[in-house]
Amino acid sequence: MWDRNQMAERAAQELQDGWYVNLGIGIPTLVSNYIPEGIEVTLQSENGMLGMGPFPISGEEDADLINAGKQTITELPQTAYFDSAESFGMIRGGKIAMAILGAMEVAENGDLANWMIPGKLVKGMGGAMDLVAGVGRVVVVMDHTNKHGVSKLLKECTLPLTGKSVVDRIITNLGVLDVVEGGLKIVETADGVSEGELLAATEATIVK
Amino acid sequence: MKKVYGSAAEALGGVLFDGMFIASGGFGLCGIPELLLKAIKVAGTKELTFASNNAGVDDFGIGILLQTKQVKKMISSYVGENTEFMRQYLSGELELEFNPQGTLAERMRAGGCGIPGFYTKTGVGTVIADGKEHKDFNGETYIMEEGIVADLAIVKAWKADATGNLVFRKTARNFNPPAAMCGKMCIVEVEEIVKTGSLDPDAIHLPGIYVHRIFQGDHEKRIEQRTVREA
Chain A
92 MWDRNQMAER AAQELQDGWY VNLGIGIPTL VSNYIPEGIE VTLQSENGML GMGPFPISGE
152 EDADLINAGK QTITELPQTA YFDSAESFGM IRGGKIAMAI LGAMEVAENG DLANWMIPGK
212 LVKGMGGAMD LVAGVGRVVV VMDHTNKHGV SKLLKECTLP LTGKSVVDRI ITNLGVLDVV
272 EGGLKIVETA DGVSEGELLA ATEATIVK
Chain B
2 MKKVYGSAAE ALGGVLFDGM FIASGGFGLC GIPELLLKAI KVAGTKELTF ASNNAGVDDF
62 GIGILLQTKQ VKKMISSYVG ENTEFMRQYL SGELELEFNP QGTLAERMRA GGCGIPGFYT
122 KTGVGTVIAD GKEHKDFNGE TYIMEEGIVA DLAIVKAWKA DATGNLVFRK TARNFNPPAA
182 MCGKMCIVEV EEIVKTGSLD PDAIHLPGIY VHRIFQGDHE KRIEQRTVRE A
């Protein structure tokens, strides 16, 4: 079974040289720690920046320089800034090759739910709906099951959707699955996880 | 043509009225018009509708107007950092319209550009699409979203010249240009008003045509989440 860092490391294998990529909050943010040797990617922060650098060293924090999670960050030699309308223009216009996002539920047809639990605190979708509708490829990184052991890979989502048929690939602590015609297809299983264990933890239809 | 005013209160003179619609720049607490928000609190203008990506925190940004119950409705994409906001929303005192972040930015930009509506894939198949016109282009379904025109835009920039040409700094630009564009009246607070002619005309982020009033002030520029790495 993979831990958070191993899931991020596996997700980093999805990156291709020259891509512009948006990383969501949580495990997806960790992906930037594992960008493979020889691969150059430019990270977009949807509040208006391409070429996102690491956190600043103490004392060099700048209130005018934050990421989409409102954390202080730094710029790189290739950094460019722009306004929110332009930022989502490049997202909606398909210029961002891939988004790596967290999720609450994914359905076998690629439906994604990651912004709202009815009756609970509702915080908002932020830029998630724009991202999943606009970017070239959507990769979800999440735990395979919730804390009660119930599958988060479902036949149909029970929560309000962030996007309809938008997910291409799912990376969980148990393995990697693709959304294909008729359901999900196992790409690989995590270290020490058998195909049987992955199947037992999955509600969605698995296509051979 | 006088655009330069002495303070937020002076710049807001004759502009505010109860029930007005205000578009605000800022993302989180970054690049928010903190001085104008404080002045609106002092003015006591009520029943306000805000188009703003976020609602500040309890004691900074739009949050200070929630404490005094001056806000009737928020149009936002994310409001997670504000407990008073949640209390008022859950008790029905405050209306909330969620817009996807890019849709909100484009609604402002479009409204400012004379575009009353546009089609986007964002939100198709979700609750955001409920009740909205759907239309197919090249085999893909889109929904129509409407442009925003606000009574007042409140904006924070880094530098301005006396004609209102603006330069922003780093990610503090965010929603400020689209907010400025969609205001029938646009008031901008800046850290520094510089001599006209000293800004590079090729490096102006928002031309002064969108800007009606400016003033200079001292900004707290609060950091919401201070994250650092080992040196």
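Protein chains in written order, with the working numbering: chain A, 92 to 299; chain B, 2 to 232.
Note that CB positions come from ideal geometry on N, CA and C, so glycine has one too.
Just how far apart, CA to CA, sit B/P34 and B/P208?
Here residue 34 of chain B corresponds to residue number 33 of the second sequence, with the count starting at 1. Here residue 208 of chain B corresponds to residue number 207 of the second sequence, with the count starting at 1. Computed Cα separation, rounded: 18 Å.
From B/R108, B/M21, B/T127, B/P178, pick the residue whose C-alpha is nearest to that of A/L250; which is it?
Within the first sequence, numbered from 1, the residue matching residue 250 of chain A stands at position 159. Comparing Cα positions, the closest option is B/T127.
Going by CA-CA distance only, name the one from B/L95, B/D162, B/A232, B/I205 that's closest to B/R214.
Mapped onto the second sequence, residue 214 of chain B falls at position 213. Considering only alpha carbons, the answer is B/D162.
A/T253 at chain B interface by Cβ criterion, 9 Å:
For the purposes of this step, residue 253 of chain A is taken as the residue at position 162 of the first sequence. Chain B, which has a Cβ nearer than 9 Å to the Cβ of A/T253, makes this yes.
Minimum Cβ-Cβ distance from A/Q162 to chain B less than 9 Å
Locating residue 162 of chain A in the first sequence gives position 71, where the first residue counts as 1. Yes - at least one Cβ of chain B is within 9 Å of the one on A/Q162.
List the residues that DSSP assigns as beta-bridge partners of B/M145.
Locating residue 145 of chain B in the second sequence gives position 144, where the first residue counts as 1. Residue pairing of B/M145 in beta bridges, as defined by DSSP: B/Y120.
Residue from B/V125, B/I149, B/E221 with nearest C-alpha to B/A181:
Reading the second sequence from its first residue, position 180 is the one you call residue 181 of chain B. It is B/I149.
Just the Cα atoms here: how many angstroms apart are B/G112 and B/N83?
Position 111 of the second sequence, counted from the start, is the residue given in the question as residue 112 of chain B. Position 82 of the second sequence, counted from the start, is the residue given in the question as residue 83 of chain B. Whole-angstrom Cα-Cα distance: 28 Å.
Applying the 10 Å Cβ sphere with the 16-neighbour rule, what's the burial state of A/V278?
Against the first sequence, residue 278 of chain A aligns to sequence position 187. Under a 10 Å Cβ-count criterion, A/V278 is classified as exposed, with fewer than 16 other Cβ atoms of the shown protein chains found around its own Cβ.
Kindly identify the DSSP beta-bridge partner or partners of B/H135.
As a position in the second sequence, residue 135 of chain B is number 134, starting the count at 1. Partner(s): B/I144.
Quick one: list the residues of chain B neighbouring A/L167, beta-carbon separation under 7 Å, in chain order.
For the purposes of this step, residue 167 of chain A is taken as the residue at position 76 of the first sequence. Listed by position along chain B, the residues whose Cβ is nearer than 7 Å to that of A/L167 form an empty set, because the closest Cβ is around 12 Å away.
Roughly how many angstroms lie between the CA atoms of B/C31 and A/L156, to the nearest whole one?
Numbered from its first residue, the second sequence carries residue 31 of chain B at position 30. Numbered from its first residue, the first sequence carries residue 156 of chain A at position 65. Taking the straight line joining both Cα atoms gives about 8 Å.
Would the beta-carbon of A/A99 fall within 9 Å of that of A/N124?
Residue 99 of chain A sits at position 8 when you count from the first residue of the first sequence. Residue 124 of chain A sits at position 33 when you count from the first residue of the first sequence. Against a cut-off of 9 Å, the Cβ pair of A/N124 and A/A99 comes out as a contact.
Assuming A/A159 and A/S175 form a contact by the criterion Cβ under 8 Å, report the distance between their Cβ atoms to the nearest whole angstrom.
Here residue 159 of chain A corresponds to residue number 68 of the first sequence, with the count starting at 1. Here residue 175 of chain A corresponds to residue number 84 of the first sequence, with the count starting at 1. A/S175 and A/A159 do not touch by the CB rule: their CB atoms are close to 11 Å apart, not below 8 Å.
Let's see if you can read the secondary structure: which residues bound the alpha helix (DSSP H) around B/R108?
Reading the second sequence from its first residue, position 107 is the one you call residue 108 of chain B. First-last of the alpha helix (DSSP H) with B/R108: 102-113.
Let me know the secondary structure DSSP gives B/Y90 once reduced to three states.
Stepping through the second sequence from its first residue, residue 90 of chain B is reached at position 89. Note: B/Y90 maps to helix in three-state DSSP.
Nearest by alpha-carbon distance to B/S78: which of B/A40, B/N100, B/H206 is it?
Numbered from its first residue, the second sequence carries residue 78 of chain B at position 77. Ranking the options by Cα distance to B/S78, first place goes to B/N100.
Using Cβ-Cβ distances below 9 Å, what residues of the segment 179-194 of chain A are close to chain B?
Hits within the stretch, in order: F179, G180, I182, R183.
Output the boundary residues of the beta strand (DSSP E) element that contains B/E98.
The residue labelled residue 98 of chain B in the question sits at position 97 within the second sequence. First-last of the beta strand (DSSP E) with B/E98: 96-99.
Check the C-beta distance from A/D221 over to B/T123 and give it rounded, since I have them as a contact under 8 Å.
Taking the first residue of the first sequence as position 1, residue 221 of chain A is located at position 130. Taking the first residue of the second sequence as position 1, residue 123 of chain B is located at position 122. At roughly 5 Å, the Cβ-Cβ gap stays under 8 Å, so A/D221 and B/T123 are in contact.
Using CA atoms only, rank isn't needed, just tell me which of A/P209, A/S242, A/L141 is closest to A/Y172.
As a position in the first sequence, residue 172 of chain A is number 81, starting the count at 1. Restricting attention to A/P209, A/S242, A/L141, the CA atom closest to the CA of A/Y172 is found in A/L141.
Which chain B residues sit within Cβ distance under 9 Å of A/L156?
Here residue 156 of chain A corresponds to residue number 65 of the first sequence, with the count starting at 1. By Cβ distance, chain B contributes C31, R170, K171, T172, A173.
Closer than 7 Å by beta-carbon distance: list the chain B residues that pair up with A/N138, in chain order.
Reading the first sequence from its first residue, position 47 is the one you call residue 138 of chain A. Taking a Cβ-Cβ threshold of 7 Å, the residues of chain B close to A/N138 are F28, T172, N175, in chain order.
Check each residue of the segment 110-123 of chain B: if its Cβ is closer than 7 Å to any Cβ of chain A, include it; give the result in chain order.
With the criterion set as a beta carbon lying under 7 Å from some beta carbon of chain A, the members of the segment 110-123 of chain B are R110, T121, K122, T123, in sequence order.
According to DSSP, is A/R260 part of a helix, a strand, or is it coil?
The sequence position of residue 260 of chain A within the first sequence is 169, counting from 1. The DSSP-derived three-state label of A/R260 is strand.
Among A/L192, A/R183, A/V226, which has the Cα closest to the Cα of A/W110?
Here residue 110 of chain A refers to the residue found at position 19 of the first sequence. In terms of CA proximity to A/W110, A/V226 leads the group A/L192, A/R183, A/V226.
Residues of the segment 205-230 of chain B whose Cβ lies closer than 8 Å to any Cβ of chain A, in chain order
Against chain A - using a Cβ distance shorter than 8 Å - the residues of the segment 205-230 of chain B are H206, K222, R223, I224, E225, Q226, R227, T228, V229, R230.
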